[in-house]
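*Asks:*
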Amino acid sequence: MPRSPTVPEPASPPRQRRQRVQAAETGMAVLKGLAGLGGRASLTALSAQVGEPPAKVHRYLVSLCQEGLVSQDAGSQQYFLGPEAIRIGMAAMRQADPIRVAEPALARLRESLEVTCFLAVMGNKGPTIVRFEEPGLPVTLNVRVGSVLPLLWSATGRAFLGFLDERAVQALAERELAAASAEQRALLPQEDPVATLRREVQAAGCAAVRDTNLRGISAVAAPLFDHAGRVCGVLTALGATGGFDASVDGAIAQAVRREARAISAVLGHEAP
79 MPRSPTVPEP ASPPRQRRQR VQAAETGMAV LKGLAGLGGR ASLTALSAQV GEPPAKVHRY
139 LVSLCQEGLV SQDAGSQQYF LGPEAIRIGM AAMRQADPIR VAEPALARLR ESLEVTCFLA
199 VMGNKGPTIV RFEEPGLPVT LNVRVGSVLP LLWSATGRAF LGFLDERAVQ ALAERELAAA
259 SAEQRALLPQ EDPVATLRRE VQAAGCAAVR DTNLRGISAV AAPLFDHAGR VCGVLTALGA
319 TGGFDASVDG AIAQAVRREA RAISAVLGHE AP
């Protein structure tokens with residue numbers, strides 16, 4: 079007996095598809111709203127956060143609870159991020175490698191500013207360069223991937239010093255100061271150099287140097303923050319002093335800070 083032809087199921091009308099998309103968008107808005115409130119909130123607070131009626135938000139919370147993305151405290155009746163949301167967040171955090179995330183920013187800075195750019199992380203010997211990008215006409219430098227920079231005289235080091243509040247970093251800065259020559263000390267603030275540098279960098283949101291680490295070279299550096307608000311790297315742009323604007327309010331510093339903020343956001347940092 080010949081088989082009857084298979085009749086394809088009718089496609090969902092555009093209106094139904096749009097309703098499903100809107101439902102998914104609302105569900106994501108509720109989930110993000112809960113995260114924006116610190117991961118725990120009452121129905122009333124969450125409703126105000128997402129701008130939807132409590133009854134509507136409750137319907138979505140029921141579905142999110144069924145999927146394990148949200149849980150509810152039986153005592154307080156507050157909602158909080160569930161185990162599945164935590165699992166997704168942990169997977170995203172494992173992918174948030176500052177070196178990988180910073181690579182496009184390094185290329186943009188190199189192309190737009192035509193300067194040398196690099197990313198450094200804090201190693202056991204000090205700030206260590208891990209990615210390096212040069213423009214078409216590079217400046218001759220004796221630093222490359224793997225180079226360790228000083229805390230007190232490099233913009234990169236000062237950015238770490240200003241924002242990485244760790245005892246080991248402070249101790250390294252004090253050792254550098256104790257070993258400095260009179261000529262090197264003359265390049266630092268004369269009264270309490272380490273504390274003064276920290277305050278200056280924190281106030282500007284970046285560090286800038288002119289001829290302090292390498293003669294004839296100026297640089298600007300800004301910190302990268304991870305999801306916990308900890309400095310996980312520093313983004314630096316440098317060039318020959320004669321044609322490099324190292325002012326903390328200049329175009330180069332603004333571009334470096336902008337890229338650093340964007341990288342930090344991808345890493346999960348929420349700016350205050």
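For the sequence shown, position 201 matches number 279 in the working numbering, and the numbering has no gaps at all.
Just so you know, even glycine gets a beta-carbon here, dropped at the ideal spot from N, CA and C.
This one's a predicted model, so the numbers in the text were calculated from it and none came from an experiment.
1. How would you write the range of the alpha helix (DSSP H) that Q268 sits in, first residue to last?
2. Once you ignore the five residues that flank F322 on each side, which residues in its own chain have a CB closer than 6 Å to its CB?
3. For the beta strand (DSSP E) containing F238, name the first residue and the last one.
4. Beta carbon of F238, beta carbon of V221: below 9 Å?
5. Measure the C-alpha to C-alpha separation of G294 and G320 and round it to an integer number of angstroms.
6. Would G146 be called buried (16 or more neighbouring beta carbons within 10 Å of its own) or exposed?
7. Can you tell which of L115, A126, D270 and V135 has its C-alpha closest to the C-alpha of G105?
8. Tell me the residue span of the beta strand (DSSP E) that contains A260.
9. Going by DSSP, what residue range makes up the beta strand (DSSP E) through V208?
10. Kindly indicate which three-state DSSP category R293 falls into: helix, strand or coil?
11. Classify S125: buried if its beta carbon has 16 or more other beta carbons within 10 angstroms, exposed otherwise.
12. Can you tell me whether P131 is buried or exposed, with buried defined as 16 or more other CB within 10 angstroms of its CB?
13. Should N202 go down as buried or exposed, given a rule of 16 or more other Cβ atoms within 10 Å for buried?
14. Could you tell me the alpha carbon to alpha carbon distance between A152 and A338, rounded to whole angstroms?
15. What's the gap between the Cα of R236 and the Cα of I177?
16. Identify the continuous beta strand (DSSP E) that holds Q150 and give its terminal residues.
17. Going by DSSP, which residues form a beta bridge with L159?
18. Whose C-beta lies closer than 7 Å to the C-beta of A123 among residues of the same chain, with five residues either side of it excluded?
19. Which of the three DSSP states is assigned to C284 in this structure?
20. Around the Cβ of G307, are there at least 16 other Cβ atoms within 10 angstroms (buried) or fewer (exposed)?
21. Counting C-beta neighbours from all protein chains within 10 Å, is the total for G311 16 or more, i.e. buried, or is it exposed?
22. Over the uninterrupted alpha helix (DSSP H) stretch that includes T122, give me the two end residues.
23. Taking the alpha carbon of V287 as the point to measure from, which residue in A233, E269, I166 and E278 has its own alpha carbon closest?
24. Consult DSSP for G307 and reduce its assignment to one of helix, strand or coil.
25. Within its chain, find whatever has a CB closer than 8 Å to the CB of M79; leave out the 5 residues flanking it on each side and keep chain order.
26. Please confirm whether L302 and S342 have their CB atoms less than 9 Å apart.
27. Once DSSP output is grouped into helix, strand and coil, what is the label at A349?
28. Taking the Cβ atom as the reference point for each residue, do G240 and V199 lie within a distance shorter than 9 Å?
29. If you follow the alpha helix (DSSP H) that L115 is part of, which residue opens it and which one closes it?
*Replies:* Inspection of the coordinates gives the following:
1. Numbered from 1 along the sequence shown, position 190 holds the residue referred to as residue 268. No residue range can be given for Q268, since it is assigned to no alpha helix (DSSP H) and is classified by DSSP as neither H nor E.
2. As a working mapping, residue 322 is identified with position 244 in the sequence shown. The residues are S296.
3. Mapped onto the sequence shown, residue 238 falls at position 160. For F238, there is no enclosing beta strand (DSSP E); the residue is found in the alpha helix (DSSP H) stretching over A233 to F241.
4. The residue labelled residue 238 in the question sits at position 160 within the sequence shown. The residue labelled residue 221 in the question sits at position 143 within the sequence shown. The Cβ atoms of F238 and V221 do not sit closer than 9 Å to each other.
5. Taking the sequence shown and counting its residues from 1, one reaches residue 294 at position 216. Taking the sequence shown and counting its residues from 1, one reaches residue 320 at position 242. Computed Cα separation, rounded: 8 Å.
6. Residue 146 sits at position 68 when you count from the first residue of the sequence shown. It counts as exposed.
7. Taking the first residue of the sequence shown as position 1, residue 105 is located at position 27. Residue V135 is the option with its Cα nearest to G105.
8. Within the sequence shown, the letter at position 182 stands for residue 260. A260 -> not in any beta strand (DSSP E); alpha helix (DSSP H) instead, spanning A260 to R263.
9. On the sequence shown, position 130 is the one that residue 208 refers to. Run containing V208: G204 to E211, per the beta strand (DSSP E) assignment.
10. As a first step, residue 293 is located in the sequence shown; it is residue number 215 there, counting from the start. The answer is coil: DSSP assigns R293 none of H, G, I, E or B.
11. As a first step, residue 125 is located in the sequence shown; it is residue number 47 there, counting from the start. By the 10 Å Cβ count, S125 comes out buried.
12. Within the sequence shown, numbered from 1, the residue matching residue 131 stands at position 53. Exposed.
13. For the purposes of this step, residue 202 is taken as the residue at position 124 of the sequence shown. With fewer than 16 other beta carbons inside 10 angstroms of its own, N202 counts as exposed.
14. Within the sequence shown, residue 152 is the residue found at index 74, counting from 1. Within the sequence shown, residue 338 is the residue found at index 260, counting from 1. The alpha-carbon atoms of A152 and A338 are separated by roughly 42 Å.
15. Stepping through the sequence shown from its first residue, residue 236 is reached at position 158. Stepping through the sequence shown from its first residue, residue 177 is reached at position 99. Going by the C-alpha atoms only, they are around 20 Å apart.
16. In the sequence shown, the residue the question calls residue 150 occupies position 72. Start and end: V148 to Q150.
17. Taking the sequence shown and counting its residues from 1, one reaches residue 159 at position 81. Looking at the DSSP assignment, L159 forms a beta bridge with V148.
18. Numbered from its first residue, the sequence shown carries residue 123 at position 45. Only L115 meet the Cβ criterion.
19. Translated into positions along the sequence shown, residue 284 becomes position 206. In this structure, C284 counts as coil in the three-state DSSP scheme.
20. Position 229 of the sequence shown, counting from 1, holds the residue named residue 307. By the Cβ neighbour-count rule, G307 is exposed, with fewer than 16 other Cβ atoms within 10 Å of its own.
21. For the purposes of this step, residue 311 is taken as the residue at position 233 of the sequence shown. Buried: at least 16 other Cβ atoms inside 10 Å.
22. Start at 1 with the first residue of the sequence shown, and residue 122 comes out as number 44. That run of the alpha helix (DSSP H) goes L121 to V128.
23. Start at 1 with the first residue of the sequence shown, and residue 287 comes out as number 209. If you compare the alpha carbons of A233, E269, I166 and E278 with that of V287, the shortest gap goes to A233.
24. Start at 1 with the first residue of the sequence shown, and residue 307 comes out as number 229. Of the three classes helix, strand and coil, the one that applies to G307 here is coil, per DSSP.
25. The count along the sequence shown starts at 1 and reaches residue 79 at position 1. With a pLDDT of 48 at M79, under the threshold of 50, the modelled position of that residue is not reliable, and no figure is offered here.
26. The sequence position of residue 302 within the sequence shown is 224, counting from 1. The sequence position of residue 342 within the sequence shown is 264, counting from 1. In this structure, L302 places its C-beta atom within 9 Å of the C-beta atom of S342.
27. Residue 349 sits at position 271 when you count from the first residue of the sequence shown. Residue state, collapsed to three classes: coil.
28. Your numbering for residue 240 matches position 162 in the sequence shown. Your numbering for residue 199 matches position 121 in the sequence shown. Result no, Cβ atoms of G240 and V199 do not sit closer than 9 Å.
29. Start at 1 with the first residue of the sequence shown, and residue 115 comes out as number 37. Run containing L115: none; DSSP gives neither H nor E here.
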